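In what follows, a single structure is set out as structure tokens and then discussed.
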Amino acid sequence: MRTRAALTAAVIFVASLQLSCSSDRPSASNNSDTTTIVFRHGKVSGDPRTLQDLIRRFEAENPTIHVHSEPLPSSTDQQHQIYAINLEGGSGGIDVLAMDVIWIAEFGRAGWIHPLDDLVTSELRADIFPNAIQAATYRGHVWAVPWYLDAGVLYYRKDLLEKYRRVPPSTWHELVETARLVLDGERNPRLQGFIWQGRQYEGLVCNVLEFIWGNGGEILGPDGWSPGPATSATVEALAFMRDLIRLYRVSPGFVTTADEETSRHLFGNGQAIFTRNWPYAWTIFEREGSPVRGKVGVRALPIFDGHRPSSTLGGWHLGIARESRHPEEAWRFIEFLTSAEAQKTMALRAGLHPARRALYEDPDLLAAQPHLPELGPILAAARPRPVTPFYPMVSQVLQSEFSAVLAGLRDPETALRSAHLQIQHVMRLESL
Amino acid sequence: MRDRSEIRTGYALLLPALAVMSLVALYPILGSFWLSLRHRVLPFGIDSFIGLDHFKLLVQTPRFWNSLGVTCYFAVVSVTLEVALGVGIALLLARKFRGVGWIRAVILLPWAIPTAVTAKSWLPSWSGSTLVATSQAGSQTGGGDAEVAVGVARGSSSPGTAASIPNSTGG
Numbered sequence: 001m002r003t004r005a006a007l008t009a010a011v012i013f014v015a016s017l018q019l020s021c022s023s024d025r026p027s028a029s030n031n032s033d034t035t036t037i038v039f040r041h042g043k044v045s046g047d048p049r050t051l052q053d054l055i056r057r058f059e060a061e062n063p064t065i066h067v068h069s070e071p072l073p074s075s076t077d078q079q080h081q082i083y084a085i086n087l088e089g090g091s092g093g094i095d096v097l098a099m100d101v102i103w104i105a106e107f108g109r110a111g112w113i114h115p116l117d118d119l120v121t122s123e124l125r126a127d128i129f130p131n132a133i134q135a136a137t138y139r140g141h142v143w144a145v146p147w148y149l150d151a152g153v154l155y156y157r158k159d160l161l162e163k164y165r166r167v168p169p170s171t172w173h174e175l176v177e178t179a180r181l182v183l184d185g186e187r188n189p190r191l192q193g194f195i196w197q198g199r200q201y202e203g204l205v206c207n208v209l210e211f212i213w214g215n216g217g218e219i220l221g222p223d224g225w226s227p228g229p230a231t232s233a234t235v236e237a238l239a240f241m242r243d244l245i246r247l248y249r250v251s252p253g254f255v256t257t258a259d260e261e262t263s264r265h266l267f268g269n270g271q272a273i274f275t276r277n278w279p280y281a282w283t284i285f286e287r288e289g290s291p292v293r294g295k296v297g298v299r300a301l302p303i304f305d306g307h308r309p310s311s312t313l314g315g316w317h318l319g320i321a322r323e324s325r326h327p328e329e330a331w332r333f334i335e336f337l338t339s340a341e342a343q344k345t346m347a348l349r350a351g352l353h354p355a356r357r358a359l360y361e362d363p364d365l366l367a368a369q370p371h372l373p374e375l376g377p378i379l380a381a382a383r384p385r386p387v388t389p390f391y392p393m394v395s396q397v398l399q400s401e402f403s404a405v406l407a408g409l410r411d412p413e414t415a416l417r418s419a420h421l422q423i424q425h426v427m428r429l430e431s432l
Numbered sequence: 433m434r435d436r437s438e439i440r441t442g443y444a445l446l447l448p449a450l451a452v453m454s455l456v457a458l459y460p461i462l463g464s465f466w467l468s469l470r471h472r473v474l475p476f477g478i479d480s481f482i483g484l485d486h487f488k489l490l491v492q493t494p495r496f497w498n499s500l501g502v503t504c505y506f507a508v509v510s511v512t513l514e515v516a517l518g519v520g521i522a523l524l525l526a527r528k529f530r531g532v533g534w535i536r537a538v539i540l541l542p543w544a545i546p547t548a549v550t551a552k553s554w555l556p557s558w559s560g561s562t563l564v565a566t567s568q569a570g571s572q573t574g575g576g577d578a579e580v581a582v583g584v585a586r587g588s589s590s591p592g593t594a595a596s597i598p599n600s601t602g603g
């Protein structure tokens, strides 16, 4: 018995030694006058060499810094989990990390990342979309620098709209009318009217917020974190989404299980007239061999009469881990990746949309991506989701209540009242 | 007097089992109840006693009542089915006829398989992509919790029934 215990202890000891060695390995392999920084990030869409080339260019410009790039799994939930485990333990060896915009307040509050107030200069602020900075600001501190941005947009079939002499819809009711007209005219059972993301996940929250904001409603009150009242604008917007499926029948029942990729595949195969998605889909629709190539238009999401269009702001930000032993080198790398030059490269080669406003007037970019002039104002007007460290909990509540409404299990008013009670309960944490 | 010492020995022999059970069963139950009285987010250093506030929220949430309803529905349906089928089959198998051993073995098979494996093997029939039963409801998530519960109840009644046989025939 005793020998076995001793043996176990020995095995654990050796294993921990190996673990600590392996986390030191990147710096150990270099000579003493170079510093290695570890950069963790999700997979960057498009050609994986885009990021590798950028890193090499940075290393060439900064010969004393070596960047060890470690891609994370593609699921954002898994990425979040990996960050939480490594950063809470303080032994992940992370220097620079890419964060989904909804994680920043949480990471800041948990003390996992450095506030960057002194580093984000007014000069830098002047060129970056203010809403993206706002999304990274919590308790008066800026915690991360916007790397590339996203916002919900409406894609439509130019050819079908022209055939029926319709202009792209600017209100949701026009969209329903147009979809109905085209569907009735085409009589194609495989053609759907309007595809969006209705599965019970983060994407659903993005979609619903766009309808609510586009009707002048709010989910949270004016202070930004207490639940807003279940106003008629909010209730109406949610009821309209349910009616797209159940009353107007322009969205099929299966949108309640659809995510971005399902939507993109359907529309990309020519099986839908309208779809809501992020700008990444544009490059794929326009790719050689795509059935809808040259037939796709993109514009701001429709609104309800008399309100301002508001897309949900998405995107990825770069921050410095609190545990980093090389914060200065980490900052130099962030400065490089968020520079106009690097963002232009990422836009040209990976189709990622820059966080710097000036690039939306860059002649090279405009020549390569004719939809950019349309996209700039949409990104500028996009709204961040509630900036709170408790956002994951708020989102969980919203996802399940919204989903129940779309499935016809709950009426919008009951669901919103229930959501508000739960959000109130979560937000009590802010005062504890 | 012989009885009293025997009883004492009996209790003494029970003690290790009681100790282990309270460690692996009682402690987590009491622990989670204690946890339910607190509002806690460890990475943020938040850990406060809030009394019954979580429960106050629960009773105001339609989702909680829906879950409770589905759980009760599931319990009633599955227990009723298990008892009815189990007793019937047990009475049949208690008779002596040719091949009764084989049939008992076949019926016991699902009981010997871990519940997790059985549940997994039922999953494809009830999940979105293969979708045997919920497709008629029009929308997959719209199928509703109750419908899924029927599926799970049906799924569980087979190992459940088998599990009840040793009890009914063994005694």
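For the protein sequence lines, the chains are A and B, in the order given.
In terms of the working numbering, the first sequence is numbered consecutively and its last residue is 432.
In terms of the working numbering, the second sequence is numbered consecutively and its last residue is 603.
Just so you know, even glycine gets a beta-carbon here, dropped at the ideal spot from N, CA and C.
What you are looking at is a predicted structure, and each value in this text was computed from that prediction instead of being measured.
From F390 (chain A) to C504 (chain B), what distance separates their C-alpha atoms? 32 Å
Among A:F194, A:N86, A:S122, A:N62, which residue has its Cα nearest to the Cα of G268 (chain A)? A:F194
Nearest neighbour of H486 (chain B), chosen from A:P370, A:Q424, A:L87 [CA to CA]: A:Q424
At the 8 Å Cβ level, is R495 (chain B) part of the contact set with chain A, yes or no? Proximity of R495 (chain B) to chain A, defined by a Cβ-Cβ separation below 8 Å, is satisfied.
Does chain A have any CB closer than 8 Å to the CB of A581 (chain B)? A caution first: A581 (chain B) carries a pLDDT of 42, below 50, which makes its placement in the model too unreliable to give a value.
Do you know offhand how far R293 (chain A)'s Cα is from A239 (chain A)'s? Computed Cα separation, rounded: 34 Å.
Using only the alpha-carbon positions, how far apart do S431 (chain A) and D479 (chain B) sit? 12 Å
Look at the Cβ atom of L149 (chain A), then the Cβ atom of L313 (chain A), and state whether they are nearer than 8 Å. Yes, the pair counts as a contact, with Cβ atoms nearer than the cut-off.
Assuming F333 (chain A) and F39 (chain A) are in contact, meaning their beta carbons sit under 8 Å apart, how far apart are those beta carbons, in whole angstroms? At roughly 7 Å, the Cβ-Cβ gap stays under 8 Å, so F333 (chain A) and F39 (chain A) are in contact.
Since I believe I104 (chain A) is in contact with A135 (chain A) (beta carbons under 8 Å), could you give me their beta-carbon distance rounded to a whole number of angstroms? 7 Å
How about I113 (chain A) and G319 (chain A): are their beta carbons less than 8 Å apart? yes
If we call anything under 8 Å between Cβ atoms a contact, is V394 (chain A) one with P386 (chain A)? yes
Buried/exposed call for W213 (chain A), threshold 16 Cβ in 10 Å: buried
Can a CB atom of chain B be found closer than 8 Å to the CB of E335 (chain A)? Chain B places no beta carbon closer than 8 Å to that of E335 (chain A), leaving this residue out of the contacts.
Looking at D438 (chain A): is its Cβ nearer than 8 Å to the Cβ of H141 (chain A)? No information on residue 438 (chain A) is available, as it lies outside the stretch 1 to 432 that chain A covers here.
For the stretch 179 to 195 of chain A and the stretch 242 to 255 of chain A, state whether three or more C-beta atom pairs, one from each stretch, are separated by less than 8 Å. Output reads yes: the stretch 242 to 255 of chain A touches the stretch 179 to 195 of chain A.
Taking 8 Å as the CB-CB limit, is A110 (chain A) close to chain B? yes
Using the beta-carbon count (16 or more within 10 Å), is F274 (chain A) buried or exposed? buried
With a CB to CB cut of under 6 Å and the five nearest residues on each side skipped, what residues in its chain are close to R242 (chain A)? Around R242 (chain A): V405, L406.
Just tell me which of A:L372, A:I102, A:A350, A:L247 has its CA closest to the CA of V205 (chain A). Comparing alpha-carbon positions, the option among A:L372, A:I102, A:A350, A:L247 lying closest to V205 (chain A) turns out to be A:I102.
Could you list which residues in chain A have their beta carbon closer than 9 Å to that of F465 (chain B), in chain order? Residues of chain A passing the Cβ test: none, with the nearest at roughly 19 Å.
Does L500 (chain B) get closer than 8 Å to chain A when you measure Cβ to Cβ? With 8 Å as the cut-off, L500 (chain B) does not count as an interface residue toward chain A.
Along chain A, which residues have their Cβ under 7 Å away from the Cβ of I478 (chain B)? L429, L432
Looking at the secondary structure, which residues open and close the beta strand (DSSP E) in which E361 (chain A) lies? Note, E361 (chain A): premise wrong, no beta strand (DSSP E); not H, not E.
Given that a residue counts as buried once 16 or more other Cβ atoms are within 10 Å of its Cβ, and exposed if not, what is A533 (chain B)? The sequence as given places Gly at residue 533 (chain B); Ala does not occur at that position. So G533 (chain B) ends up on the exposed side.
Would you call the CB atoms of T34 (chain A) and I55 (chain A) closer than 8 Å? no
Boundaries of the alpha helix (DSSP H) in which L149 (chain A) is found, first to last residue: Element bounds for L149 (chain A): not the alpha helix (DSSP H) but the beta strand (DSSP E), 145 to 151.
Beta-carbon gap between K158 (chain A) and V250 (chain A) smaller than 8 Å: no
Compare the C-beta of L484 (chain B) with all C-beta atoms of chain A and state if any pair is closer than 8 Å. no
Could you tell me the alpha carbon to alpha carbon distance between W554 (chain B) and L398 (chain A), rounded to whole angstroms? 30 Å
Would L489 (chain B) count as contacting chain A if we go by Cβ distances under 8 Å? yes
Compare the beta carbon distance of N215 (chain A) and H307 (chain A) with 8 Å and say whether it is the shorter of the two. yes
Under the three-state reduction of DSSP, which class applies to W558 (chain B): helix, strand or coil? helix
What are the partner residues of L247 (chain A), as DSSP defines its beta bridges? In DSSP, L247 (chain A) forms no bridge with anything.
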